[in-house]
Each structure stands twice: as C-alpha cells, then as structure tokens.
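Encoded as structure tokens, the structure appears first; notes follow it.
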Amino acid sequence: MRVLLAAVGKAKAGPELDLYHQYLRRLSPPPILKEVEEKRPLASAQLKAREAELLLACVPAGAVVVALDERGRDLDSPDFAEKIRGWRDGGTADLAFLIGGADGHGEAVRARADLALSLGRMTWPHMLVRALLAEQLWRAQAILSGHPYHRI
C-alpha cells in the first residue's frame, strides 16, 4: 500500500524537519510527501477552500483519505495500526493523509475524508504534525510486524 502525506506549506530546515526525516527513514516504503501552497492573499474561507482543492488534487483516484483534524477521531496507537491493517488487508492501494493549513481544512476535504483523525485536542504546529504522523506510521508498522518498539 502506497502512503501519501499531502500538506499545506513548504517545510523549512530545522528540528521539525529533522525529526520527520528520522522517522521517514525507518518506514518501508517511506511515504511520499506532496506540499502545496497558495501564495495569493485570500480571506480565510477562500484560503481554506483553495487549500482543500490543492490537497485533493494530490490524492490518487480511489485512495482512502485521512484528514488530520483536531475535531477528528482520537485513536490510540494500536487502534491506528488496526485501521491501517484493515485498509492494507482490504486491498487499499493508496492511503492519503491530508494536513491542512493554519485555518484548518476546507469543507471539500472534510466531505472527501474517509476518516478525520485527531492527534489530540491541542493545536500542533503544522510542521510538527508531519513528524508526529511519521512517528505514528512507524509505530503502526512496528505494532503490525511484532517489533518491540511499541510497548503497552
């Protein structure tokens, strides 16, 4: 199963990007990262709608879409791993995780998402969300393979 991370904003060198790459190197195969950015100064509602268009344009046809959203479902790591196992074993070819911009996801992303997933109710910097998601993908891979990285 191919995994895509589509994110609003361009990553800049720094500790958040280093941490993301640390976990990315552990994943086999590593997810593909597609970054999108709207440069025009738009009002918040217009910007969210435009960012939603840009994110959804990255999603392969037929992909399972997971929107990272603070109002989404809160899963623990074993449940997240089981979700991934279900998609993988159910024949899902592409799994796309969408990380919105500073104002959150537009309605088009919410409507398209198969799952809205929360990393907690706190607000996280968008560049750090990439690292948190990469770590959870690695943890899910470890859980599913019986690797001792994840301990309960």
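Note that numbering that gives the first Met the number 0 numbers the sequence shown so that position 69 is 68, with each residue one more than the last.
Here a beta-carbon is modelled for each residue, glycine too, at the ideal position from N, C-alpha and C.
(1) When you compare the CB positions of Ser117 and Gly89, do they come within less than 9 Å of one another, or not?
(2) Mind checking Met126: buried by the 16 CB within 10 Å criterion, or exposed?
(3) According to DSSP, Leu67 sits in a beta bridge with which residue or residues?
(4) Just to confirm my understanding: we take Leu132, look at its own chain, exclude 5 residues before and 5 after, and list those with CB closer than 8 Å. What are they?
(5) In its own chain, which residues sit with a C-beta less than 7 Å from the C-beta of Arg120, not counting the 5 before and 5 after it?
(6) Considering just the uninterrupted stretch of the beta strand (DSSP E) at Ala130, what are its terminal residues?
(7) How many angstroms separate the CA atom of Pro77 from the CA atom of Thr122?
(8) Pick helix, strand or coil for Arg72, following the three-state DSSP scheme.
(9) Do the region 53-61 and the region 10-20 meet, that is, are 3 or more Cβ pairs less than 8 Å apart?
(10) Tell me the residue span of the beta strand (DSSP E) that contains Glu34.
With the structure as the only source:
(1) Cβ distance not < 9 Å, so Ser117 and Gly89 don't count as in contact.
(2) buried
(3) Ile98, Leu116
(4) Counting only Cβ-Cβ distances below 8 Å, and skipping sequence neighbours, we find Leu4, Leu67, Phe96, Ile98, Leu118.
(5) Glu69
(6) Segment 125-144 is the alpha helix (DSSP H) holding Ala130; no beta strand (DSSP E) there.
(7) 23 Å
(8) strand
(9) no
(10) 31-35
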